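Novice:
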Amino acid sequence: MSSNATVTAKEILSLSFSLDQFFLIIMGMVVYFMQCGFAFLEAGAVRSKNVTNILIKNVMDSFVSGIAYWIFGYAFAYGDGGKAQKFIGATYFASYDMPVDQYASFFFQYTFAATAATIVSGAVAERCEFIAYFAYSFVITGTFILLLKTFSYFDIAFFGFIYPVVTHWAWGSGWLVDGYNYGGDIGQIAYQDFAGSGVVHVLGGVCAFIGAALLGPRIGRFQKGSNVVGTLRGHSVPIAALGGFILFFGFLAFNGGSQLTISSEGDGAAVAVSVVNTIISASFAAFGSLIINRLHIFGNTWSLLVTINGALTGMVAACAGCNQMHPWSSAVLGLFAAMSYTLWSTVMKKMNIDDPLDAVAVHFGGGITGVILIAFLDKDDGILFNWDKKSGLKLGWQFVGLAAIIGWSALFSLVIFGILKCFGVLRVPREIEDKGLDIPKHNEPAYPVEAYGHGHIEKLIQ
Amino acid sequence: MSSNATVTAKEILSLSFSLDQFFLIIMGMVVYFMQCGFAFLEAGAVRSKNVTNILIKNVMDSFVSGIAYWIFGYAFAYGDGGKAQKFIGATYFASYDMPVDQYASFFFQYTFAATAATIVSGAVAERCEFIAYFAYSFVITGTFILLLKTFSYFDIAFFGFIYPVVTHWAWGSGWLVDGYNYGGDIGQIAYQDFAGSGVVHVLGGVCAFIGAALLGPRIGRFQKGSNVVGTLRGHSVPIAALGGFILFFGFLAFNGGSQLTISSEGDGAAVAVSVVNTIISASFAAFGSLIINRLHIFGNTWSLLVTINGALTGMVAACAGCNQMHPWSSAVLGLFAAMSYTLWSTVMKKMNIDDPLDAVAVHFGGGITGVILIAFLDKDDGILFNWDKKSGLKLGWQFVGLAAIIGWSALFSLVIFGILKCFGVLRVPREIEDKGLDIPKHNEPAYPVEAYGHGHIEKLIQ
Amino acid sequence: MSSNATVTAKEILSLSFSLDQFFLIIMGMVVYFMQCGFAFLEAGAVRSKNVTNILIKNVMDSFVSGIAYWIFGYAFAYGDGGKAQKFIGATYFASYDMPVDQYASFFFQYTFAATAATIVSGAVAERCEFIAYFAYSFVITGTFILLLKTFSYFDIAFFGFIYPVVTHWAWGSGWLVDGYNYGGDIGQIAYQDFAGSGVVHVLGGVCAFIGAALLGPRIGRFQKGSNVVGTLRGHSVPIAALGGFILFFGFLAFNGGSQLTISSEGDGAAVAVSVVNTIISASFAAFGSLIINRLHIFGNTWSLLVTINGALTGMVAACAGCNQMHPWSSAVLGLFAAMSYTLWSTVMKKMNIDDPLDAVAVHFGGGITGVILIAFLDKDDGILFNWDKKSGLKLGWQFVGLAAIIGWSALFSLVIFGILKCFGVLRVPREIEDKGLDIPKHNEPAYPVEAYGHGHIEKLIQ
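Structure, rendered in C-alpha cells:
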C-alpha cells in the first residue's frame, strides 16, 4: 500500500476494533486488581488469627471464578439462549466455538464476576468454613457440580448460576435490558444499570446479607438482652486502608470500562464523564460519612474506616448511571449514599446480624441508592429533568429490576446456605472460631512468632 | 458505510480524539493511584500511634480535592479568564457549561491537584491538627469558604487558590506559559515545565517547608544546644517501601501522561522518551543517593529509605523536561538530584526544621534541580547544546518561574498556617502528641491490641 | 485538512504507530509494577530481621537494571550485530543513535530485564551479601565492569551479559528465533517462546538454583543426617500475599503485552487470548496446587502460600504460548504446572538446597513446563493437533532452546557465584546471619521497637 493510497472503511474499522479490545483488556486488568483491594480491605478488618483464611478465600475467588465462569458462567450470561433467550444464554460453554474476537469481552466480564463473588467473603468472615465459602463462590460466578467428597468431608452437589443469569437479564439480551414497548410517545422503557449498582452490588449484598444472617454473629459480637455492640476490631488499619485505596483505583476502571468501547464518537467523553462522576460521588459520600459519623449519635471521632466505606458506597451508587449524570447530580447521589451507608450499617446492628466489613451497607446500601436515584437524576429522562409518565415508568422498571435481582439472589442464597447449615458444614466449630482459622485450617499463622526477633518488636519483652 | 468506502478526515479525527481521551483517562487513573503511594510512604514513616491519622489525611486529600477542584480549582486553572486571562481563569465552576469533551482533561488535572496537596501531609505528620490539615488541602487544590463551626471547634473562613492559579500561569494560558517575545532571532521565550517540577513539586515543597517550620519539630526530634538529631524512626519499613514502589509506578504516568495526547505524530515517541528519561534519572539518583549515604559523613550503611527518596527526587527532577532530554542528560540530572536531595535534607536538619518524610528535600530539592537544569540540558535549546543569548534568556525565565511559584506559595502558606497558629489550632496539644493522634482523635488504633492473639506475635508474652 | 478530505495510508499508519507505542508503554508500566510484587512476595517470606535487606535488593534491581540495560543490555539484545548478528547485537549502547521511535520498545524490554533479575533475589534471601547480589544483577540485566573498590571491600571486575544475549537469540534476530529451514513441506522451524517461559523464567530459575546451591542453606534449614526440613517461616503472610496479588495483575501485562503491537488486524484478539489463557492456566494451577498440597503426603492443610506459588507457576508456564493455545489447553497446562511446581519444590528439599521463596520451583519448574508443552499444545502445529515430522522437529527445537538457555545461564552463574565464593564475599558471616542483615548492614530494622507504643500491640506487656 503506497503511503498516499486512500484508506477504506474496512481498515479504519479494523483499527477501531483493535482499540476497543485494548480498552477492554486494560480496564479489565485494573478491575481484576480489585481482587487485591477486596482481599486487603477484608484482611485488615479481621483479627490476626483469621488473616490467612480471608486471604486464601480471596485468592481462590479469582481462580475459582476463572474456572467456573469460563466453563458455565459466560455461556449463561452472553451465549445465545435460543427460545430461552429472554432468560438465559446457552452457547460458548468453556469458550467452545466462541469467536476469537469475543475474548476481550469475556475477560472483562470475568473480572466483574470475580468481583461480585468477593463481596460475600467480607460478610461471612472469621467464622465460615473454607469449603462452604469456596463452593459458594462457584455458584455465584458460574455453576458447578462439585463432588465435595474430594474435599474429605463434604458430599454436596451444587448447581447454581446466580450472577451470570442476572447479567444475562440486564446486560445480555434478557428481559430486563429489553424492557417493554409502551408505544406512542413513550416507546421502549427498560431497566438501566450501566456498571451494575444492581447487577453486581445489590446481588452481592443480598448474598452477603443471607450468608451473614444464617451464619449468625461471631462470638462476642452481640450480647443477649443488651444493646451494646462488641466492636471486634480488625487487626490492621493500614492493611484495610491499602485495600480501600486499591478499590478506589479499581472502581474508576469498573465504572469507566463499562462503556465497553472507546472508538466510537462520544465514547471517550462518556468514559471520562463516568470516571469524573464516580470521583465526585465518592468525594461527597466520603465527606458525608465522615461528618455523619462525627456529629451523629454513632460516634464523635473522625473515623478512617467509615470514611473509606462511605467513599466506596458512593462509588457503588454511581455504577447505575455515572455515564448519564451531571456532576452536581453525582454530588447529590454521594450524599444520599452516605446516608444509606449509615442507615444500613445501623439496621444490621439492630438486627443483630454481624457483617464484619459492613459489606451489606456498602454494596446493598449503595446499590439500591444508585438503582433508584438514577431514575430521578438521569440527565435526559430522569424525573427531576423530565417529569412525565415516561420517567415514572422508568422508575417503575428500576423497582422491577431491583425486585428481580433481590428475589433471585435471596432465593438461591437461602437454598445454598440453608443446605450447608442443615448439614452442619456452614460454620466452623466454636473452638476453631476461638482459636482462629489460620492455624487449624491452614497451618499458616499470618505473623508467625518465630519469624520475629533480633532488635525488633520482641525486644520489648526482654 | 460499505467496507470499501473511503474514510474522511472527520472520521479519523474522531478516532484520534477518542484515543487521546483514553490516554488521558488511563494515565490519570495511574496518577490517581499515587495517592495510595504517598499514603503508605508516609504511614510507614510515622510511629504506630499516628498511622490512622496520616492515612485519613491522605484519604481525605483525594476526596476533598474532588470537591474543591471540581467547584473552583479547574475553573481558576483552565477556565476562560477574560481580561484577567494572564493571571487566572474564571469559567467552568462546578463544571458548569464545561464541554463534555473536556472531562478527560479535567480528570487528569484533578489527579495532579490531588498529588500536589499530598506532599504537605508528610512534612506536617505526627503533630498537625486533623482539621488544620484538612482545611489546608482545600486551599491548595481549590478554594473554599468553610464554616468550621461544623467541625465543632473551629470558626475560620478560608479562601485561597494556590495550586490552580499557578497551573493557570504555567500550563493554562497564563503569563508564564506565554512568556515574552524578544523578537528577531530569539522570538518567544517562556517558562518550561513539562510535568511540573516547579508547578507541582516546588509548590508542594514550599508549602511543606512553611508548614513544618511553623508547626515546630516533634517532641524529641531536636535538643536545644545539641547537634544530635533524634531519629524518631517510622514504624514500618515495608509499608514505606510499598508507598515508594507505588510512586515509582505512578511517576511514569505522571511524566509520560503530561504529553496530554497520544494520537498526533510523534506523541508516542515523546511519551516513551519521557518514561525512559524518568527511569534513567531515577536510577542514577537512587544509585547516587545510596553511595553518598554510604560513603559520606551522613552514614555508612546502605539505607533503603534514602535510596527510595533519592529515586523519587530523580523522578521529580525529571518532570520539568523529560520530554526534551537525551538519556545521558537524564543520567547527569539524576546525579544532581541525588546531591540536591542530600543537601536539602541536611539543611533542614541544620535549621532544626522537622520534616518526617524529607518531603522538602525530595520535592523542593528535586523540583528546583529540574527547573534549573532543563535550561542547560534541553536537547534543542539548552545551554550545553546551544550557548547563546536565547538559552541564557531561557534560564532567566526558569528563575522567574521559580521565583513566582516560591513567592506565591510561601505567601499563602504563611498566611494560612500563621492564622491557624495564632488561633492555637495548628498543632495538637502536647499530651495528644505524646499519646499519638490515632486514639484521641480517631479512636482507631492502627494495630489494636485486642485483635491479636492465638499463636501469633503475642505468644511471646505467655 | 477539510473534514471531508480523504485520509491517506500515511495518516493511518501514523495513528497506528502511536497506538502501538501507547500499548507498549502502558503494558510496560504494569510489568514494571511487578517489581513491587516480587519485592513483597519476598519480603513476606523472610524473617523480620531481613526485611529491609530484601526490599533494598528489589528496589536496586529496578534501578541497577535501568543503568545497565540502558548502557549495555539493550544493545546486546536488540542492536545490530553485523556479522555476529546470530549471536549478539552491538549498536545502541547507552541509546546512542537509537531512533526515537524505538524508545517504547526499549522501555518494554527494560521492564522484562528487571523482572528476570528479581527472580534470583528470592532464592538467595537471608544470607547473600548485599554487594554480591547487587553486582550480580548488573550481570543479568546488562553487563558492567564495576570497580568494587568503591564499595569499600570488594575488588572484582565483572563482565557478563546473561539475559540480553539470550533475548537476542530468542527474540532479537538470533539463531533461536531464526531456527532452521528444513525445506519442502516443513519449512522453517524455530524455537517458540512468546513471553519468555524459557528466556525469562528458566534463565532466572537456573541462576537462582546455582546461587542458592553455592550459598548453601540458611542456618537451621536442614539438619545433617535428618530428613526433617526446618520451615523457617516468613514473617508476614499478608505481605507475601500482597506481592502475589500484584504479580497476578502484572503477569497479564507480561503475557498480553508480549504481542508488542495492538493496531494490526488480529492483535486485539491475540492479546485477549493471551490474557484469558494466562488466567485459565493460573486458575487450574492454583486449584491443582491447593488440592495436591491438601491430599498429598506434602501436607493436609489448605495452604495460601502454596496456592499463590501454584498460580504463579501456571502463569509462568503460559508465557511460552499463551497466544497460540485453546483455553482448554491452558487448563491442561495449568495442571501440569501445578505438578511441576510440587515436584521441583520437593526435589530442592531432597537436594538440601535452600530456596526460601521456592523461586526455582515456580520459575524453572513453570518455565520448562511451558517451553516443552507448547510443542504439544500449540493449536496450529502442536503434536496433539498435528502429529507429523514437523511437530516433532518443533519439539526438538524447544529442547535445543532449553539446553542453550540452561547451559548459558548455568555457566555464567557458576563463574560469578564461584568467584565470589572463592573470595569469601558471597555469604554474610554467621553472626550477621544470626542477627539478621537489617541492622548490621542497613541500620534500618523493619519494625523498630521504639516506633511502637501507646495503646497498641505493646500494651500487652504492661
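If you read the protein sequences in the order shown, they are chains A, B and C. Numbering (the working numbering) for the first sequence: 1 to 462. Numbering (the working numbering) for the second sequence: 1001 to 1462. Numbering (the working numbering) for the third sequence: 2001 to 2462. Here a beta-carbon is modelled for each residue, glycine too, at the ideal position from N, C-alpha and C. Computed from a prediction, not measured in an experiment: that's the story for all the values here.
Interface residues of chain A around residue 1055 of chain B at Cβ under 7 Å?
Specialist: Chain A residues near residue 1055 of chain B: 237, 238, 241 and 304.
Novice: Hey, would you say the C-beta of residue 1388 of chain B is under 8 Å away from at least one heavy atom of the ligand NAP?
Specialist: You won't find the ligand NAP in this model; it holds no ligand whatsoever.
Novice: Rounding to the nearest angstrom, what Cα-Cα distance links residue 273 of chain A and residue 1101 of chain B in this structure?
Specialist: C-alpha separation (whole angstroms): 9 Å.
Novice: Using a threshold of 9 Å, state whether the C-beta atoms of residue 2284 of chain C and residue 2337 of chain C are closer than that.
Specialist: Against a cut-off of 9 Å, the Cβ pair of residue 2337 of chain C and residue 2284 of chain C comes out as a contact.
Novice: Could you tell me whether the region 1044–1064 of chain B touches the region 1111–1126 of chain B, using the rule of 3 or more Cβ pairs below 8 Å?
Specialist: Enough Cβ pairs lie closer than 8 Å, so yes.
Novice: Is DSSP giving residue 2229 of chain C helix, strand or coil here?
Specialist: Strand at residue 2229 of chain C.
Novice: List, in chain order, every chain B residue whose beta-carbon is nearer than 8 Å to that of residue 2164 of chain C.
Specialist: What residue 2164 of chain C touches in chain B: nothing, since even the nearest Cβ is about 17 Å away.
Novice: Please state if the CB of residue 1451 of chain B and the CB of residue 233 of chain A are separated by a distance shorter than 9 Å.
Specialist: Yes. Within cutoff.
Novice: Is the region 193–200 of chain A in contact with the region 165–178 of chain A, if contact means three or more CB pairs nearer than 8 Å?
Specialist: At 8 Å Cβ cutoff, the stretches touch.
Novice: Using the Cα positions of residue 1016 of chain B and residue 1026 of chain B, report the straight-line distance between them to the nearest angstrom.
Specialist: The straight-line gap from Cα to Cα measures roughly 16 Å.
Novice: For residue 2328 of chain C, would you say it is in contact with chain A, using Cβ-to-Cβ distances shorter than 9 Å as the test?
Specialist: Closer than 9 Å to some Cβ of chain A, the Cβ of residue 2328 of chain C qualifies, so yes.
Novice: Please compile the residues from chain C whose C-beta is within a distance smaller than 9 Å of the C-beta of residue 19 of chain A.
Specialist: Within 9 Å Cβ-Cβ: 2019, 2262, 2263 and 2268.
Novice: Does the beta carbon of residue 2025 of chain C sit closer than 9 Å to a beta carbon anywhere in chain B?
Specialist: Yes, residue 2025 of chain C counts as interfacial toward chain B.
Novice: In terms of DSSP beta bridges, what is residue 222 of chain A paired with?
Specialist: A:229, per the DSSP bridge assignment.
Novice: Quick one: is residue 422 of chain A buried, meaning 16 or more other Cβ sit within 10 Å of its Cβ, or exposed?
Specialist: Exposed, since its Cβ has fewer than 16 Cβ neighbours within 10 Å.
Novice: Measuring straight from C-alpha to C-alpha, what distance separates residue 379 of chain A and residue 1082 of chain B?
Specialist: Distance between the alpha carbons of residue 379 of chain A and residue 1082 of chain B is about 30 Å.
Novice: Among the candidates B:1333, B:1229 and B:1212, whose CA atom is the shortest distance from the CA of residue 1220 of chain B?
Specialist: That would be B:1229, whose Cα lies nearest to the Cα of residue 1220 of chain B.
Novice: Name the residue from A:366, A:260, A:449 and A:48 whose alpha carbon lies nearest to the alpha carbon of residue 171 of chain A.
Specialist: Answer by Cα proximity: A:260.
Novice: Would you mind listing the alpha helix (DSSP H) stretches within the region 1329–1413 of chain B that are 4+ residues and don't spill past its ends, in chain order?
Specialist: Correct list: 1366–1377.
Novice: Ignore the nearest five residues each way along the sequence and tell me which others in residue 1251 of chain B's own chain have a CB closer than 7 Å to its CB.
Specialist: Cβ within range, chain order: 1278 and 1315.
Novice: Any idea what DSSP makes of residue 182 of chain A, helix, strand or coil?
Specialist: Residue 182 of chain A: coil per DSSP, three-state reduction.
Novice: Can you pull the chain B neighbours of residue 7 of chain A, defined as C-beta to C-beta under 9 Å?
Specialist: The answer, in chain order, is 1006, 1007 and 1012.
Novice: Does the beta carbon of residue 211 of chain A come closer than 9 Å to any beta carbon on chain C?
Specialist: Residue 211 of chain A does not count as touching chain C.
Novice: Taking only beta-carbon positions, decide if residue 2152 of chain C is within less than 9 Å of chain B.
Specialist: Confidence at residue 2152 of chain C is low in this model, with a pLDDT of 25, below 50, so the placement of that residue should be treated as unreliable; the coordinate-derived value is given next. So, interface residue.
Novice: With DSSP as the reference, label residue 8 of chain A as helix, strand or coil.
Specialist: In this structure, residue 8 of chain A counts as strand in the three-state DSSP scheme.
Novice: Just verifying my parser: in three-state terms, what is the DSSP assignment at residue 1322 of chain B?
Specialist: Of the three classes helix, strand and coil, the one that applies to residue 1322 of chain B here is helix, per DSSP.
Novice: What are the start and end residues of the alpha helix (DSSP H) that includes residue 74 of chain A?
Specialist: Its alpha helix (DSSP H) spans residues 74–78.
Novice: Under 9 Å, Cβ to Cβ, is there at least one residue of chain B near residue 2097 of chain C?
Specialist: Not one chain B Cβ lies under 9 Å of residue 2097 of chain C.
Novice: Only counting the same chain, and skipping five residues up and downstream in sequence, which positions put a Cβ closer than 7 Å to that of residue 1124 of chain B?
Specialist: Counting only Cβ-Cβ distances below 7 Å, and skipping sequence neighbours, we find 1133, 1211, 1212 and 1215.
Novice: Along the region 2043–2054 of chain C, what residues have a CB closer than 7 Å to any CB found in chain A?
Specialist: From the region 2043–2054 of chain C, only 2047, 2048 and 2049 have a Cβ closer than 7 Å to chain A.
Novice: Please identify the residue among B:1399, B:1051 and B:1068 whose C-alpha is closest to the C-alpha of residue 287 of chain A.
Specialist: The shortest Cα separation from residue 287 of chain A among B:1399, B:1051 and B:1068 belongs to B:1068.
Novice: When DSSP builds the beta bridges, which residues end up paired with residue 2188 of chain C?
Specialist: Partner(s): C:2181.
Novice: Using the rule of at least 16 other Cβ atoms within 10 Å of the residue's Cβ for burial, across every protein chain shown, is residue 1242 of chain B buried or exposed?
Specialist: The residue in question, residue 1242 of chain B, is buried, as its Cβ has 16 or more Cβ neighbours within 10 Å.
Novice: Pull up the CB-CB distance for residue 1358 of chain B and residue 1345 of chain B, whole angstroms please, since I reckon it's below 8 Å.
Specialist: Confirmed, Cβ separation roughly 5 Å.
Novice: What in chain C is Cβ-close to residue 1234 of chain B, meaning under 8 Å?
Specialist: Chain C residues near residue 1234 of chain B: 2448 and 2451.
Novice: With residue 2065 of chain C as the anchor, note down where its alpha helix (DSSP H) starts and where it stops.
Specialist: Segment 2051–2068, the alpha helix (DSSP H) holding residue 2065 of chain C.
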